[in-house]
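Below is one structure, written out as structure tokens; comments come after it.
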RNA sequence: GUGAGUGUAGCGCAAUUGGUUAGAGCUUCGGAUUGUGGUUCCGGCGGUUGAGGGUUCAAGUCCCUUCACUCACCCCA
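Numbering (the working numbering), first residue to last: 5 to 422.
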């Protein structure tokens, strides 16, 4: 019988990598704390409706990428394809944003999208996510963008590009949408097949199409900046001013249309050239209508998601540091079977004192145990002599010098030296 | 969902135009005067060549099917 393997698009994060993941998450945690964001843990599955209404019925995510199933009660459940909808749901449900209060929340964990896997794209992938809810002003947008940039700065990522745009609001976007439809109607024969269906469903997405012919048509399409209402125009100007004040450089891309319907006003992405085709390490924007689209009051929000898998790829590619790999400091070796019990006792004693210690439990010979010390700093050796003297032979594995230490002093001896 | 490429030991690889019993290296395990690691030396374990079928005297090698992985399209983190 063939061995069962992990489902397509999933993978195991093994010891050789997991400590690097911990480094990234710890860095995120510290950065979030410095920016005043509080961590939340949310469900990995939600009612399907949350995403179909929140993310948008016509988005690729909802149309073809969700892991949806009926649970035993007949409810339609979906493994979260993104984090924002869940955070907004939790904020409303727990009244974190009532009476003018705002909430700054962050989270991290797995997301699920049924796509064909490739470099930097998995069916189960991990995102670090931050959301600022209840603040309509551009200051919140700037804070979120600066948070993203600062996280990457701390992680040591280089050669990133910040791309921003404004996609308008419920007042001005319909106007722009109509202009686009009128324009593209006149160039139907030059559009690709998918763009023809986008024409009446989501014409903004045509701007984003990478098809050459569509690109040429889109080059001459009406400019969104000519259609922005005063409020959106001013908001966008303030975001840009804020970014410049903080000394960030960025690129404007009026064709940046993100694949999720809930974005209003600010949309941005952070791109890396070291990722291959999937070049976004983070993306986000403002979503002032999301709360009301899932049945809540109108609560403005802005946030971002960062792909941990992709950050990892870029960091490896650029040779970034992940800090020190965790290592055991002390190896306790038994010389002769009679001392195996004493070895386990001493090992536990060291561990109780927060000293990382290891001993053999598989019956290895003394020689084999000594071979296993690896990168330890000290070896503690217990044989019949040591048991008789109530002592331990402690060998410094860096200089090879060995001392005999009274058993009761060993923990202190090691503690002061690791 | 579409396209291309790749599947040989735990890992990364080799095997002439199809030709004996598929090989080294690393890892692992054991050993080198029976109480002392990293280096070195010696040895052992390890494979239904992804799976199934076909062509052939003969298939890791050629053909078909299938599965998996990778990259790309699409879309995005």
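Every residue, glycine too, gets a C-beta built ideally from N, C-alpha and C.
Just so it is clear, the structure is predicted and the values come from calculations on it, not from any experiment.
Rounded to the nearest angstrom, how far is the Cβ of residue 298 from that of residue 57, given a contact under 8 Å?
Here residue 298 refers to the residue found at position 294 of the first chain. Here residue 57 refers to the residue found at position 53 of the first chain. A Cβ-Cβ separation of about 5 Å places residue 298 in contact with residue 57 under the 8 Å criterion.
8 Å CB neighbourhood of residue 255 in its chain, flanking five on each side removed
The sequence position of residue 255 within the first chain is 251, counting from 1. Answer for residue 255: 165, 166, 167 and 168, listed in chain order.
Beta-carbon separation (whole angstroms), residue 138 vs residue 105, contact threshold 8 Å
Here residue 138 is taken as the residue at index 134 of the first chain, counted from 1. Here residue 105 is taken as the residue at index 101 of the first chain, counted from 1. So it is a contact: roughly 6 Å between Cβ atoms.
Per DSSP, residue 115 forms a beta bridge with which residues?
What you label residue 115 is simply residue 111 of the first chain in a count that begins at 1. In the DSSP output, where bridge partners are listed per residue, residue 115 has 129.
For residue 363, which of helix, strand or coil comes out of DSSP?
Along the first chain, one-based indexing puts residue 363 at 359. Looking at residue 363 - three-state DSSP - the assignment turns out to be strand.
Distance between residue 132 and residue 312 (C-alpha atoms, nearest Å)
The count along the first chain starts at 1 and reaches residue 312 at position 308. The count along the first chain starts at 1 and reaches residue 132 at position 128. Their backbone Cα atoms lie some 7 Å apart in a straight line.
Between residue 408 and residue 395, which are expected to be in contact by the criterion C-beta below 8 Å, what is the C-beta distance as a whole number of angstroms?
On the first chain, residue 408 is found 404 positions in, with the first residue counted as 1. On the first chain, residue 395 is found 391 positions in, with the first residue counted as 1. In this structure residue 408 touches residue 395 by the C-beta definition: roughly 5 Å separates them, less than 8 Å.
So is residue 9 buried or exposed if we call it buried at 16+ other beta carbons inside 10 Å?
Numbered from its first residue, the first chain carries residue 9 at position 5. Per the 10 Å Cβ criterion, exposed.
Skipping 5 residues on each side, what residues in its chain have a beta carbon closer than 8 Å to that of residue 181?
Locating residue 181 in the first chain gives position 177, counting from the first residue. Non-local C-beta neighbours of residue 181 in its own chain, meaning closer than 8 Å and more than five positions away in sequence, comprise 207 and 208, ordered along the chain.
Just to confirm the assignment, what range does the beta strand (DSSP E) spanning residue 376 have?
As a position in the first chain, residue 376 is number 372, starting the count at 1. The continuous stretches of beta strand (DSSP E) do not include residue 376, and DSSP gives it neither H nor E.
Endpoints, the alpha helix (DSSP H) within which residue 356 is located
Here residue 356 corresponds to residue number 352 of the first chain, with the count starting at 1. Following the DSSP letters along the chain, one finds residue 356 inside the alpha helix (DSSP H) bounded by residues 344–356.
Every unbroken beta strand (DSSP E) within the segment 246–284, with a cutoff of 3 residues, ordered by chain:
Correct list: 268–276.
Can you confirm whether the segment 170–185 touches the segment 273–282 when touching is taken to mean that 3 or more C-beta pairs between the two stretches lie within less than 8 Å?
The count of Cβ pairs closer than 8 Å, one atom from the segment 273–282 and one from the segment 170–185, stays below three, leaving the stretches out of contact.
Local conformation of residue 419 per DSSP, three classes:
Looking up residue 419 in the first chain gives position 415. In this structure, residue 419 counts as helix in the three-state DSSP scheme.
Helix or strand or just coil, what does DSSP make of residue 199?
Position 195 of the first chain, counted from the start, is the residue given in the question as residue 199. Residue 199 falls in the helix class under three-state DSSP.
Residue span of the beta strand (DSSP E) that contains residue 191, given as start and end:
Taking the first chain and counting its residues from 1, the one referred to as residue 191 is at position 187. Judged by DSSP secondary structure, residue 191 falls outside any beta strand (DSSP E); it is assigned neither H nor E.
By Cβ distance below 6 Å, which residues in the same chain neighbour residue 41 in space, the five residues on each side in sequence not counted?
For the purposes of this step, residue 41 is taken as residue 37 along the first chain, with counting starting at 1. By the criterion of a C-beta distance shorter than 6 Å, residue 41 is surrounded in its chain by 108, 110 and 134, once the five residues flanking it on both sides are discounted.
When the Cβ atoms of the segment 378–391 are set against those of the segment 343–352, are three or more pairs found closer than 8 Å?
Under the Cβ criterion (8 Å, minimum of three pairs), the segment 378–391 counts as touching the segment 343–352.
Can you tell which of 265, 219, 292 and 277 has the C-alpha that lies nearest to the C-alpha of residue 259?
By one-based count along the first chain, residue 259 stands at place 255. Nearest C-alpha to residue 259 among 265, 219, 292 and 277: 219.
To which residues of the same chain is residue 119 closer than 7 Å at the C-beta, ignoring the five residues directly before and after it?
Here residue 119 refers to the residue found at position 115 when the first chain is read from its first residue. Excluding residues within five positions, the ones whose Cβ falls inside 7 Å are 69, 125 and 127.
Hey, quick one: how far does the beta strand (DSSP E) through residue 335 stretch, first residue to last?
Taking the first residue of the first chain as 1, we reach residue 335 at position 331. Run containing residue 335: 334–338, per the beta strand (DSSP E) assignment.
Residue 364, buried or exposed, once every other Cβ within 10 Å from all chains shown has been counted against 16
Within the first chain, the letter at position 360 stands for residue 364. Around the C-beta of residue 364, 16 or more other C-beta atoms lie within 10 Å, and the residue is accordingly described as buried.
Quick test of your reading: residue 428 and residue 149, contact by CB under 8 Å. State the CB separation rounded to the nearest angstrom.
Outside the modelled stretch of the chain, which goes from 5 to 422, sits residue 428, for which no answer is possible.
Counted within 10 angstroms of its Cβ, other Cβ atoms place residue 73 as buried (16 or more) or exposed
For the purposes of this step, residue 73 is identified with residue 69 of the first chain, where counting begins at 1. Classification for residue 73: exposed.
So is residue 398 buried or exposed if we call it buried at 16+ other beta carbons inside 10 Å?
The count along the first chain starts at 1 and reaches residue 398 at position 394. Label assigned to residue 398: buried.
Measuring alpha carbon to alpha carbon, tell me which residue in 65, 81, 372 and 359 is nearest residue 381.
For this step, residue 381 is matched to residue 377 along the first chain. With distances taken between Cα atoms, residue 381 lies closest to 359.
Hey, could you find the ends of the alpha helix (DSSP H) residue 312 is sitting in?
As a first step, residue 312 is located in the first chain; it is residue number 308 there, counting from the start. Start and end: 312–322.
Taking a contact to mean a Cβ-Cβ separation below 7 Å, would you say residue 418 touches residue 332 in this structure?
Translated into positions along the first chain, residue 418 becomes position 414. Translated into positions along the first chain, residue 332 becomes position 328. 7 Å or more divides the Cβ of residue 418 from the Cβ of residue 332.
If I follow the unbroken alpha helix (DSSP H) through residue 505, where does it start and stop?
Lying before the first or after the last residue shown, residue 505 is absent from the chain, which here runs from 5 to 422.
Status (buried if at least 16 other CB within 10 Å, exposed otherwise) for residue 288
Sequence index remark: in the first chain, residue 288 carries index 284 (1-based). With 16 or more Cβ atoms within 10 Å of its Cβ, residue 288 is classed as buried.
Considering Cα atoms alone, identify which of 224, 178, 229 and 217 is closest to residue 204.
For the purposes of this step, residue 204 is taken as the residue at position 200 of the first chain. Here the closest residue by C-alpha is 178.
Whole-Å CB distance - residue 423 paired with residue 140, under 8 Å assumed
Residue 423 cannot be examined here, being either before or after the span of the chain that is shown, 5 to 422.
Enclosing beta strand (DSSP E) for residue 41 [first to last residue]:
One-based indexing of the first chain puts residue 41 at position 37. Secondary structure note for residue 41: it is in no beta strand (DSSP E), with a DSSP letter that is neither H nor E.
Among the candidates 318, 156 and 146, whose CA atom is the shortest distance from the CA of residue 241?
Taking the first chain and counting its residues from 1, the one referred to as residue 241 is at position 237. Answer by Cα proximity: 146.
Residue 410: first and last residue of the uninterrupted beta strand (DSSP E) it sits in
Residue 410 sits at position 406 when you count from the first residue of the first chain. Where residue 410 is concerned, the enclosing beta strand (DSSP E) stretches over 406–410.
Measure how close the beta-carbons of residue 31 and residue 159 come, nearest whole angstrom, since I'm counting them as under 8 Å.
Within the first chain, the letter at position 27 stands for residue 31. Within the first chain, the letter at position 155 stands for residue 159. Confirmed, Cβ separation roughly 6 Å.
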